[in-house]
Amino acid sequence: MTFKINHHLKNSLARSGAITTPHGSIETPAFIAVGTAATVKALTPEQVKSTGSQAVLANTYHLHLRPGEDIVSKSGGLHDFMNWSGPTYTDSGGFQVFSLGEAFGSGVSKVASGEEVSIDAQDQRISNAKKAKIDDEGVSFYSHIDGKHLRLTPENSMQIQHKLGADIIFAFDECTSPHASHEYQLKAWERTHAWAKRCIKEHHKLSKGDKSYISLFGVVQGGRFEDLRRLSAKELAKLDFDGFGIGGSFNKSDMGTAVRWVCEELPVAKPRHLLGIGEPSDIFDGIENGIDTFDCVSPTRIARNGSVYTYDGRKNISTSPYRSSLAPIDTLCGCYTCENFNLSYLHHLIKSSEILFTTLLSIHNLHFITKLVDDIRESINHETFYQFKSDFIAKYYR
RNA sequence: GCCGGGUUAGCGAAGUGGUUAAACGCAUCAGACUGUAAAUCUGACGGCCUUGUGCCUUCGGGAGUUCGAAUCUCUCACCCGGCA
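In the working numbering, the protein residues as written are 12 to 409.
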């Protein structure tokens, strides 16, 4: 993998460039479609490509559970298995440490509401769940499919990811809650940092000296704390990573600042991926503060739940106002769905539980976000970023 | 015409003499969704308002038995079977 920067936006951390992998290039900034189980839900690879998506990110934990990395490997690896010829990423399973552990049943997700939730209340709600348990060696899970006891460590996360064979893989990390204390975040960071070193060692062993094949990104943690975020980035920067992911669960309000702290410490020449973030305002803030790539389930998930992005904001088109609308989702959108179907039809498909709606709305949402990031890239190249951002945000959040 | 079964919220349906009817589905109407336990989840769903520990209404219609009836009796209406 190589990374080349084309243009730095003046007075900003933002830049445009390209990541080149064995399976093709990614023009950055870029939005990476999420295909957790080796499929972007509801879409064929051709449809994914038609939305403008340049790469797909799959998940180590989920593919390890089902069908198992050996099956994927025997099919020729992730690319052949899912018939996606472009670049691929795999997440390490680190997020599942969080979503099946601390966040299990607590209502806390990638982005917290900002309301403080007491730890006692959280413990109460999740006390009866068989949640993931973290120790310094690794993490014990209980399969959400059959309850079987499983274990992920930095070493086996690397082994699994090498068998899956994505172009870019992530170090195994601990994603923490935004409600966690400084004391806990420090402890978690120390663990994640130790794991990072073990991931590099195992990755080198598995690569057998051929580093051009699979690239490894380290994951910055540190929660909401500036000192820990900077420390994490600075220390990871010293290690032999090909790029970096920025992880953790955020409060909406400190999304931009946390990213800036980190990107000010990371080496300029290596790509930075903001893990799991993808709302329009967050994408602008991330890019402005130095992010090159994003992945997020939001476009495809909200599509399956009846919501769409438009230049006038997010809308739930399963609601009654859209029952008889003859307009497309967005008159400014050039996606397959907007060019061929009106809202009354899409509303009807949703209300009838016709599975086609999941495909049509996913196409629209992926196209929308991908196009937005494409336009942002152009605005960086033309030094019109700030005007583009303020125009978009003013209309979107009006 | 006779015999039997039935009629509870927009629909289906629980409740079959004893707090305050309407559980549970579906439909409807909203809200949520950010490295996917998610085509999912949450809430509202007889009426009214001043939104409360509030008021009113309601088990096909009517009459009766009873301290007390959606529940038992009679009667009328309608629906579904069966037999003529």
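Glycine included, C-beta positions come from ideal geometry on N, C-alpha and C.
I'd like to check one pair, residue 305 with residue 43: are the Cβ atoms closer than 8 Å?
Closer than 8 Å, so yes.
Per DSSP, which one or two residues make a beta bridge with residue 262?
Residue pairing from DSSP places residue 262 in a beta bridge opposite 123.
Per DSSP, what kind of secondary structure is residue 109 in: helix, strand or coil?
Residue state, collapsed to three classes: helix.
For residue 160, three-class secondary structure by DSSP
In this structure, residue 160 counts as strand in the three-state DSSP scheme.
How many Å lie between residue 91 and residue 83 at the Cα?
Cα atoms of residue 91 and residue 83: separation of roughly 8 Å, rounded to the nearest angstrom.
Delimiting residues of the beta strand (DSSP E) encompassing residue 283
DSSP places residue 283 inside the beta strand (DSSP E), whose first and last residues are 283–285.
On the three-pair Cβ rule with 8 Å, is the segment 325–343 touching the segment 272–279?
Output reads no: the segment 272–279 does not touch the segment 325–343.
What does DSSP give as the partner residues of residue 45 in its beta bridges?
Beta-bridge partners of residue 45 (DSSP): 68.
Alpha carbon to alpha carbon, how far is residue 335 from residue 28? Give it in angstroms, no decimals.
Cα to Cα, residue 28 sits roughly 44 Å from residue 335.
Whose CA, out of 121, 95 and 249, lies closest to the CA of residue 229?
For the residues 121, 95 and 249, the minimum Cα distance to residue 229 belongs to 249.
Using C-beta distances below 6 Å, list every residue in its chain close to residue 326, excluding the 5 sequence neighbours before and after it, in chain order.
So the qualifying residues of the chain are 319.
What are the boundary residues of the beta strand (DSSP E) that residue 38 is part of?
Membership of residue 38 in the beta strand (DSSP E) is indicated by the continuous run 35–39.
Using 8 Å as the threshold, is the C-beta distance between residue 69 and residue 101 below it?
Yes, they are a contact pair.
Does the Cβ of residue 138 have 16 or more other Cβ atoms within 10 Å, making it buried, or fewer, making it exposed?
A caution first: residue 138 carries a pLDDT of 36, below 50, which makes its placement in the model unreliable, though a value can still be read off. In summary, residue 138 is exposed, with fewer than 16 beta-carbon neighbours lying within 10 Å of its beta-carbon over all protein chains present.
How would you write the range of the alpha helix (DSSP H) that residue 312 sits in, first residue to last?
Per DSSP, residue 312 belongs to the alpha helix (DSSP H) from 309–315.
On a Cα-Cα basis, can you pick out the residue from 310, 314, 316 and 273 that is closest to residue 416?
Past the boundaries of the shown model lies residue 416; the chain is included only from 12 to 409, so the question cannot be answered.
8 Å Cβ cutoff met for residue 330 and residue 376
No; because the gap between Cβ atoms is not below 8 Å, this pair is not in contact.
Go ahead and pull the three-state DSSP assignment for residue 134.
Unreliable positioning characterises residue 134 in this predicted model, as indicated by a pLDDT of 32, which lies under 50. A coordinate reading is not provided.
Check the C-beta distance from residue 155 over to residue 111 and give it rounded, since I have them as a contact under 8 Å.
At roughly 7 Å, the Cβ-Cβ gap stays under 8 Å, so residue 155 and residue 111 are in contact.
When 120, 200 and 225 are compared against residue 169, the one with the closest alpha-carbon
Considering only alpha carbons, the answer is 225.
Quick one: using the 10 Å Cβ neighbour count with 16 as the cut-off for buried, is residue 350 buried or exposed?
Looking at its Cβ environment, which holds fewer than 16 other Cβ atoms inside 10 Å, residue 350 is exposed.
From residue 133 to residue 114, what distance separates their C-alpha atoms?
Note that residue 133 has pLDDT 32, beneath the 50 cutoff, so the model's placement of it is unreliable and the number below is only indicative. For residue 133 and residue 114, the gap between their C-alpha atoms comes out near 9 Å.
Buried or exposed (CB count within 10 angstroms, at least 16 for buried), residue 398
Exposed, since its Cβ has fewer than 16 Cβ neighbours within 10 Å.
Rounded to the nearest angstrom, what separates residue 93 and residue 245 at their Cα positions?
Between residue 93 and residue 245, the C-alpha separation is close to 37 Å.
Coarse secondary structure for residue 366, derived from DSSP in three states
The DSSP-derived three-state label of residue 366 is coil.
Under 8 Å, do residue 433 and residue 391 count as touching if we go by C-beta distance?
As shown, the chain starts at 12 and ends at 409. That puts residue 433 outside it, with no answer to give.
Roughly how many angstroms lie between the CA atoms of residue 216 and residue 367, to the nearest whole one?
Computed Cα separation, rounded: 45 Å.
Run through the DSSP bridge pairs and tell me what residue 318 is partnered with.
Looking at the DSSP output, residue 318 sits in a beta bridge with 327.
Closest Cα partner of residue 150 within the set 161, 48 and 33
The option with the nearest alpha carbon to residue 150 is 161.
For residue 394, count the other beta carbons within 10 Å of its own beta carbon; 16 or more makes it buried, fewer makes it exposed. Which is it?
With fewer than 16 Cβ atoms within 10 Å of its Cβ, residue 394 is classed as exposed.
Tell me which residue opens and which closes the beta strand (DSSP E) that residue 198 is part of.
Per DSSP, residue 198 belongs to no beta strand (DSSP E); it is in the alpha helix (DSSP H), 193–218.
DSSP three-state call for residue 15: helix, strand or coil?
Correct three-state label for residue 15: strand.
Cβ-based neighbour list, residue 303, same chain, cut-off 6 Å, excluding 5 preceding and 5 following
39, 40, 282 and 283, listed in sequence order.
Give a yes or no on whether the C-beta atoms belonging to residue 233 and residue 227 are separated by under 8 Å.
Cβ atoms of residue 233 and residue 227: not closer than 8 Å.
With 16 other CB atoms within 10 Å as the buried threshold, where does residue 401 fall?
It is exposed - the Cβ of residue 401 has fewer than 16 other Cβ atoms within 10 Å.
Taking its Cβ as the centre, do 16 or more other Cβ atoms sit within 10 Å of residue 33, making it buried, or is it exposed?
Per the 10 Å Cβ criterion, exposed.
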